[in-house]
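Chemist:
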Amino acid sequence: MPKTNLINTERPQETALLIGVSLQNDNDLLSLEDSLEELELLADTAGVEIVGYITQNLPHPNPKTYIGSGKVEEVKMLANELEAEMVIFDNELSPRHQRELEAELGESIRVIDRTALILDIFAQHAQTSEGSLQVELAQYEYRLPRLTRAWTHLARQAGGGGGRAGGVGGVGLRGPGETQLEVDRRMITTRIEFLKNELEKVRAHRNRHRERRKKSRIPVIALVGYTNAGKSTLLNALSDADVYVANQLFATLDPTTRRVGLPGGQTVLFSDTVGFIQKLPTELVAAFRATLEEITAADVLLHVVDITHPNASAQAKSVQKTLVEIGAGDIPIVTAFNKIDRLKDPDGAIIKLEDFSNTFPISAKTGQGIDELLTALEDQLFESFIEIEAIIPYQEGRLISLLHEFGQVKQTRNQENGTKILATIPRRFMYQFEQYFINDLDDEESGED
Numbered sequence: 058m059p060k061t062n063l064i065n066t067e068r069p070q071e072t073a074l075l076i077g078v079s080l081q082n083d084n085d086l087l088s089l090e091d092s093l094e095e096l097e098l099l100a101d102t103a104g105v106e107i108v109g110y111i112t113q114n115l116p117h118p119n120p121k122t123y124i125g126s127g128k129v130e131e132v133k134m135l136a137n138e139l140e141a142e143m144v145i146f147d148n149e150l151s152p153r154h155q156r157e158l159e160a161e162l163g164e165s166i167r168v169i170d171r172t173a174l175i176l177d178i179f180a181q182h183a184q185t186s187e188g189s190l191q192v193e194l195a196q197y198e199y200r201l202p203r204l205t206r207a208w209t210h211l212a213r214q215a216g217g218g219g220g221r222a223g224g225v226g227g228v229g230l231r232g233p234g235e236t237q238l239e240v241d242r243r244m245i246t247t248r249i250e251f252l253k254n255e256l257e258k259v260r261a262h263r264n265r266h267r268e269r270r271k272k273s274r275i276p277v278i279a280l281v282g283y284t285n286a287g288k289s290t291l292l293n294a295l296s297d298a299d300v301y302v303a304n305q306l307f308a309t310l311d312p313t314t315r316r317v318g319l320p321g322g323q324t325v326l327f328s329d330t331v332g333f334i335q336k337l338p339t340e341l342v343a344a345f346r347a348t349l350e351e352i353t354a355a356d357v358l359l360h361v362v363d364i365t366h367p368n369a370s371a372q373a374k375s376v377q378k379t380l381v382e383i384g385a386g387d388i389p390i391v392t393a394f395n396k397i398d399r400l401k402d403p404d405g406a407i408i409k410l411e412d413f414s415n416t417f418p419i420s421a422k423t424g425q426g427i428d429e430l431l432t433a434l435e436d437q438l439f440e441s442f443i444e445i446e447a448i449i450p451y452q453e454g455r456l457i458s459l460l461h462e463f464g465q466v467k468q469t470r471n472q473e474n475g476t477k478i479l480a481t482i483p484r485r486f487m488y489q490f491e492q493y494f495i496n497d498l499d500d501e502e503s504g505e506d
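Residue numbers for the sequence shown follow the numbering used here, beginning at 58 and rising by one.
(1) At what residue ranges does the stretch 133-196 contain a whole run of the alpha helix (DSSP H), taking only runs of 4 or more?
(2) Just grab the DSSP bridge partners of residue 328 for me.
(3) Pull up the distance between the alpha-carbon of residue 259 and that of residue 385, whole angstroms please.
(4) In terms of residue numbering, what span does the beta strand (DSSP E) encompassing residue 79 cover?
(5) For the beta strand (DSSP E) containing residue 372, list its first residue and its last residue.
(6) Using the three-state DSSP reduction, which class does residue 110 fall into: helix, strand or coil?
(7) Report the three-state DSSP secondary structure of residue 483 (helix, strand or coil).
(8) In three-state terms, what does DSSP make of residue 243?
(9) Helix or strand or just coil, what does DSSP make of residue 387?
(10) If you reduce the DSSP assignment to three classes, tell me which class residue 349 lands in.
(11) Less than 9 Å separating the beta-carbons of residue 190 and residue 256?
(12) Excluding five sequence neighbours on each side, which residues of the same chain lie with their C-beta closer than 7 Å to the C-beta of residue 318?
(13) Inspect the beta-carbon positions of residue 390 and residue 426 and report whether they are closer than 9 Å.
(14) Just to confirm my understanding: we take residue 334, look at its own chain, exclude 5 residues before and 5 after, and list those with CB closer than 6 Å. What are they?
(15) Identify, in the order they occur along the chain, each residue of the same chain with its Cβ nearer than 7 Å to the Cβ of residue 387, setting aside the five sequence neighbours on each side.
(16) Please classify residue 440: is it buried, with 16 or more other beta-carbons within 10 angstroms of its beta-carbon, or exposed?
(17) Answer yes or no: do residue 336 and residue 171 have a C-beta to C-beta separation smaller than 9 Å?
(18) For residue 34, write down the residues that DSSP places opposite it in a beta bridge.
(19) What's the call for residue 279, buried or exposed, on a 16-neighbour Cβ count within 10 Å?
(20) Pick out whichever of 99, 418, 161 and 84 has its Cα sitting closest to the Cα of residue 178.
(21) So residue 123 and residue 150 are supposed to be a Cβ contact under 8 Å. How far apart are they, rounded?
(22) Report the residue from 173, 366 and 239 whose alpha carbon sits nearest the alpha carbon of residue 94.
(23) Leaving out five residues on either side along the sequence, give the residues of the same chain with a beta carbon under 6 Å from the beta carbon of residue 342.
(24) Tell me, please, whether the stretch 72-82 touches the stretch 139-146 by the rule of three or more beta-carbon pairs shorter than 8 Å.
(25) Please state if the CB of residue 286 and the CB of residue 424 are separated by a distance shorter than 9 Å.
(26) Using three-state DSSP, classify residue 343 as helix, strand or coil.
(27) Could you please give the first and the last residue of the uninterrupted alpha helix (DSSP H) stretch that includes residue 427?
(28) Apply the 10 Å Cβ neighbour rule to residue 373 and answer buried if 16 or more other Cβ atoms are within range, or exposed otherwise.
(29) Can the beta-carbon of residue 89 be found closer than 9 Å to that of residue 112?
(30) Look up residue 475 in the DSSP assignment and say whether it is helix, strand or coil.
(31) Flag this pair as yes or no: are the beta carbons of residue 493 and residue 464 separated by less than 9 Å?
(32) Where does residue 100 fall in DSSP's three states?
(33) With a CB to CB cut of under 7 Å and the five nearest residues on each side skipped, what residues in its chain are close to residue 443?
(34) Please classify residue 244 as buried or exposed, where buried requires at least 16 other C-beta atoms within 10 Å of its C-beta.
(35) Just reading off the alpha helix (DSSP H) that residue 463 is part of, what are its end residues?
(36) Got a sec, what are the start and stop residues for the beta strand (DSSP E) residue 418 sits in?
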């Protein structure tokens, strides 16, 4: 089934107005101006030319049109004056907001939000089958609650007359009394279920790969960071790989894993993952679960920060916030302040980010600081694991599963009071096992050697 982009990126470029709204209780890390500047970069990546901006401060969104009625008229007048073909909201619009705005602005002006724009960029940049599946799922989950008569063309684009593998062929046939909108909704729901099943297979495949890596005892370091921070350039520098690099947002989407030798001689796997961004769409987080699990299963995280960016601190905090949201907030982390070769005063820039610990200034482009970074990662990797010997009660089977999933089990022996186990585990899990540790007194009383 061909991907259906919301934005036509063929020349001539489409033109758009950007709409930014500052709400009273916003917790955004970027200011309204900086967020709109980022939105313009996103639009440029998608092939859209920005012809103007409109902003508004509100205590809360208008329940009907998100922005006030007077501002809607202002948007309509300016869009017509500048011949803008669409308006792009920096905030995520509810289905009702989008419908009402489309009705108010007229058929000649399309309305999309930041989420739709990011989904379109992801659709353009997905190169692998897995990436395409993940993006398609996110797009359909975003579109489903927004279905109106205007979306009935999706039935043709989504393969309603035969479809791609997944059994959607034939769903275009209406049942008694069924409207076209109901057919479209049923068709998309069927497609979503198929995509979820396919991605579950991908997830299972990734789990098997991770299990094999654990058995071979190869540690994993996941590269994380804001989009365009230089993660792919760094992976190329570390591994002599040829990962695609471009000066644009979300230049690479699909995860890449490479073997790298550390200074002490140990081989590790570096896994490059999709870049984060402020207001990362929830649909993407859900659809990319299989990919994001590469982060949550890593032994150490390497957080790459573009030290030259004026909002470097806000971007870094946005990444940290996302890591917590996906369940990776307690994994040991090393931070690389990248692109210091572009700075006249690297020390001055680093001081501004002094609230980040375990940091190392580097240049992925010139190689400056790479050796020190690898040594720090090696130290962190060995510090992050601890060997334990414990007797796990049989009713605590989840702890045994935890050891097999995240640790390395060396010996097991069933005893009357539970399973005696010798293993290494990430230090962050140690507290769950402390009460079952074996000490010398326990050994003497039990008669164990």
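Just so you know, even glycine gets a beta-carbon here, dropped at the ideal spot from N, CA and C.
Modeler: Inspection of the coordinates gives the following:
(1) 152-162 and 171-182
(2) 279 and 314
(3) 20 Å
(4) 71-80
(5) Looking at the DSSP string, residue 372 is not in any beta strand (DSSP E); the run it does join, the alpha helix (DSSP H), is 369-382.
(6) strand
(7) The answer is strand: DSSP assigns residue 483 an E or B state.
(8) helix
(9) coil
(10) helix
(11) In contact: residue 190 and residue 256 (Cβ atoms closer than 9 Å).
(12) 324
(13) No; because the gap between Cβ atoms is not below 9 Å, this pair is not in contact.
(14) 284
(15) These residues qualify, in order along the chain: 485.
(16) exposed
(17) yes
(18) The structure shown has nothing for residue 34, since the chain only spans 58 to 506.
(19) buried
(20) 99
(21) 6 Å
(22) Comparing Cα positions, the closest option is 366.
(23) none
(24) yes
(25) no
(26) Helix.
(27) 427-440
(28) buried
(29) yes
(30) strand
(31) no
(32) helix
(33) 481, 482, 484 and 487
(34) buried
(35) 454-463
(36) 416-418
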